[in-house]
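Using full-length UniProt numbering, you'd call the opening residue of the sequence shown number 1 and step up by one each time.
A virtual CB, placed ideally from N, CA and C, is assigned to each residue, including glycine.
As the structure is a prediction and not an experimental result, all values here were calculated from the model.
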Amino acid sequence: MALLEIRDVVKRFGDFTAVNHVSLSVEAGEFFTLLGPSGCGKTTLLRMLAGFEQPDSGEIILDGVNVANVPPEKRPVHTVFQNYALFPHMTVAQNIAFPLKMAGVPQSEIAGRVDELLEDVRLQEFAKRYPHELSGGQRQRVAIARALVNRPKLLLLDEPLSALDAKLREQMQIELITLQKEVGITFVYVTHDQGEALALSHRIAVMSRGQVEQLDAPEHIYSYPKSRFVADFIGQCNLLDATVLDVGTDRMTVEIAGVGQCHVLPVAGAAAGQKGCLTLRPEKIKLGATLPADDSDEVHFKGKVHDCLYLGDVTIYIVELDNGMLVETMLPNSAPGRAKFFDDNDLVELAWRYDAGHFI
Ligand code: ATP
């Protein structure tokens, strides 16, 4: 049985439904992320796991027990907040020891447990400092150590890195992955940052308007988004309006509006005449002045460079197809000193394989 099972949970504020019939389960030891734009209900769902909000209906089963109406302090759960919530008048060691004192753990045991946690978060030499004497990243590590000290079954993290600058965030992301592997505690992580979710998680639940739009491993969500919302929210994606012409066993044919036909992977239940869109990630599209047409699995279209965006490691090329449609693609700037392969108005060719895209 999963460590956490959320069954058909609903939460309303007045006549507004913030969480709308959500069901999902989280396995022990998993790094699980609730991802979605502001207002999608992810924090409300996390707060119900913590016990700060009660669901209007549904069950929250933690380790076999329905905790939906159990108060926060009685749950084997801890939360790390965005603002750290450290006690300013206590040292790092005292902050970490606090939950153990509250739980009545004997003094003789406390020092050992605190040392263990200080080592886990690499803050041994900061034990006697006060929170105002620490950097943002160090404070965040103290907050995590304090949340882990009495070994919760579930650690809830509510946008814990959002107050940090980009470089420190990246460093803390690596630290979080390492820490989670070391301590083996199940993490449920809330973020609106898709890059962070892809980098950290074993699985991601993408939320929109109080519901789970898609729940899958990061690479699956990125490669096979189930809806326009997910495709658009996670990374860069071309969404090309298309109609199904013919469905075969290993591929189907679609007509991209005003551009032409191409093959795509078959989709269960698709039928001729069905309208939808082809999702194509920029890095899956080949770009060249001309491209060899020797691969029958590829489709080729001609176009003209509309815009170039130099990003250092890659350059993004926005290519205008003959019918005026804009398609985003990219090339790595791997050759030394090379910033760009093409300039605005250069004539180019695009190609992609039948399995590069995904029809939704
Ligand atoms: P953010 O990333 O901005 O925190 P979120 O996805 O975490 O967004 P929630 O905080 O869960 O979103 O809020 C979901 C919706 O429920 C929002 O429209 C919010 O205004 C509403 N909401 C949340 N808490 C309350 C409350 N106590 N009373 C009324 N409405 C609330």
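Linking residue 148 to residue 29 through their CA atoms gives a straight-line distance of about 14 Å.
For the pair residue 200 and residue 162, the Cα-to-Cα distance works out to about 14 Å. Counting only unbroken stretches of 3 or more residues, the beta strand (DSSP E) elements lying wholly within the segment 237 to 308 are 238 to 247, 252 to 256, 260 to 264, 275 to 280 and 286 to 288, in sequence order. In the three-state DSSP reduction, residue 192 falls in the coil class, being neither helix nor strand. Look at residue 44 here: in three-state DSSP terms it is helix. When the Cα atoms are used, residue 242 and residue 220 turn out to be separated by approximately 22 Å.
In this structure, residue 162 has its beta carbon at no less than 7 Å from each heavy atom of the ligand ATP. In this structure, the alpha-carbon of residue 325 lies about 50 Å from that of residue 85. Contact check between the segment 333 to 351 and the segment 270 to 277: fewer than three CB pairs, one atom from each, fall below 8 Å, which does not count as touching. Residue 192 is classed as buried because its beta carbon has at least 16 other beta carbons within 10 Å across all chains shown. A distance criterion of 7 Å places the beta-carbon of residue 93 beyond contact range of the ligand ATP, judged by its closest non-hydrogen atom. The alpha-carbon separation between residue 32 and residue 140 amounts to approximately 19 Å.
Counting C-beta pairs with one atom in each stretch, the segment 228 to 240 and the segment 38 to 48 have fewer than three that are closer than 8 Å, which means they do not touch.
Not a single heavy atom of the ligand ATP lies less than 7 Å from the C-beta of residue 208.
In this structure, residue 3 sits near residue 63, with a CB-CB distance shorter than 8 Å. Contact check for residue 206 against residue 142 fails: the beta carbons are separated by 8 Å or more. Residue burial annotation: residue 87 is exposed, with fewer than 16 other C-beta atoms found within 10 angstroms of its C-beta. Scanning its chain for C-beta atoms nearer than 8 Å, with the 5 sequence neighbours on each side dropped, one finds around residue 103 the residues 150, in chain order. In this structure, residue 146 and residue 98 form a Cβ contact; the two beta carbons are roughly 7 Å apart against a cut-off of 8 Å.
Burial is judged here by how many other beta carbons sit within 10 angstroms of a residue's own beta carbon; residue 11 has at least 16 and is buried. Burial is judged here by how many other beta carbons sit within 10 angstroms of a residue's own beta carbon; residue 95 has at least 16 and is buried. When the Cα atoms are used, residue 9 and residue 65 turn out to be separated by approximately 15 Å. Taking the C-beta atoms as reference points, residue 35 is found no nearer than 8 Å to residue 158. Contact between the segment 315 to 332 and the segment 256 to 271 is present: three or more C-beta pairs spanning the two stretches fall below 8 Å. Taking 8 Å as the upper bound for CB-CB distance, residue 287 and residue 348 are in contact here, some 6 Å apart.
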